[in-house]
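Student: One structure follows; several queries about it will come next.
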Amino acid sequence: MQKIVHRDGKSVRLNTENDERLYAGHLNTGPRQSRWIDFHAHRLKSAGKLNARCCKCGEDNLKPYGEDMQCGTCAQVQAKDNPRPEDYVFYLAHYSCWQGENTYIQEITLDEAREFAAENYEEIDYHLGLLDESKFE
Ligand SMILES: [Zn+2]
Numbered sequence: 018m019q020k021i022v023h024r025d026g027k028s029v030r031l032n033t034e035n036d037e038r039l040y041a042g043h044l045n046t047g048p049r050q051s052r053w054i055d056f057h058a059h060r061l062k063s064a065g066k067l068n069a070r071c072c073k074c075g076e077d078n079l080k081p082y083g084e085d086m087q088c089g090t091c092a093q094v095q096a097k098d099n100p101r102p103e104d105y106v107f108y109l110a111h112y113s114c115w116q117g118e119n120t121y122i123q124e125i126t127l128d129e130a131r132e133f134a135a136e137n138y139e140e141i142d143y144h145l146g147l148l149d150e151s152k153f154e
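Here our numbering is used: the first residue of the sequence shown is 18, the next is one more, and so on.
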């Protein structure tokens, strides 16, 4: 399923085949076998490669540092896998097998994506930096 949306004046093509799926709502039993939601993240081209930017200063200047990466600009050491949710468009793909119901893509805001990730914390495969686990009480 594909859809064109607009972000900061640019056209963005969402594509459930290529975009990362963070949550798969389909189950083989119960109500979720005929109607379910998948949660996707589309990485913006303008964001560049994953792990290219420093989580502190945002500069594209990361170098290997043991198991981690270090920023050549501000010296921040960070994990290799350091996606910024701002670099993605998040959306829900609604599926239904019921007659008369459509399957469709619903673009959601960053705040809504954070809420969805929090609500479905246990089932989410990978939250792409949406939740800051270091701040959990
Ligand atoms: Zn930096």
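Here a beta-carbon is modelled for each residue, glycine too, at the ideal position from N, C-alpha and C.
Where does Gln-50 sit, in a helix, a strand or coil, going by DSSP?
Tutor: Three-state result, Gln-50: helix.
Student: Let me confirm a value: Gly-146 is counted as buried when at least 16 other C-beta atoms fall within 10 Å, else exposed. Which label applies?
Tutor: With 16 or more other Cβ atoms within 10 Å, it is buried.
Student: Less than 7 Å separating the beta-carbons of Leu-67 and Pro-100?
Tutor: Yes, the Cβ-Cβ distance between Leu-67 and Pro-100 is below 7 Å.
Student: Under 6 Å from any heavy atom of ligand 1, does the C-beta of Lys-73 make it?
Tutor: It does: the Cβ of Lys-73 is within 6 Å (strictly closer) of some heavy atom of ligand 1.
Student: Going residue by residue through the region 87-117, where are the continuous alpha helix (DSSP H) segments of at least 4 residues, counting only ones entirely within it?
Tutor: DSSP runs (the alpha helix (DSSP H)) wholly in the region 87-117: none.
Student: Does the beta-carbon distance from Ala-130 to Phe-107 come in below 7 Å?
Tutor: A contact, by the Cβ cut-off of 7 Å.
Student: I'd like to confirm the pairing. Which residues does DSSP put opposite Arg-131 in its beta bridges?
Tutor: None, per the DSSP bridge assignment.
Student: Between the region 35-55 and the region 86-98, do three or more beta carbon pairs fall short of 8 Å?
Tutor: No: fewer than three Cβ pairs fall under 8 Å.
Student: CA-CA distance, Ile-21 and Ser-28?
Tutor: Their backbone Cα atoms lie some 6 Å apart in a straight line.
Student: With a threshold of 8 Å on Cβ separation, who are the neighbours of Thr-33 within its own chain once the five nearest residues in sequence on each side are excluded?
Tutor: Within the same chain, Thr-33 has close Cβ partners Met-18, Gln-19, Asp-55, His-57, Ala-110, Ile-122.
Student: In whole angstroms, give me the CA-to-CA distance for Asn-35 and His-59.
Tutor: The straight-line gap from Cα to Cα measures roughly 8 Å.
Student: According to DSSP, simplified to helix, strand and coil, what is Glu-136?
Tutor: Three-state result, Glu-136: helix.
Student: Tell me whether Lys-73 sits in a helix, a strand or coil according to DSSP, three-state version.
Tutor: It is coil, neither helix nor strand.
Student: Please report how far the alpha carbon of Gln-93 lies from the alpha carbon of Ala-64, in whole angstroms.
Tutor: Distance between the alpha carbons of Gln-93 and Ala-64: 20 Å.
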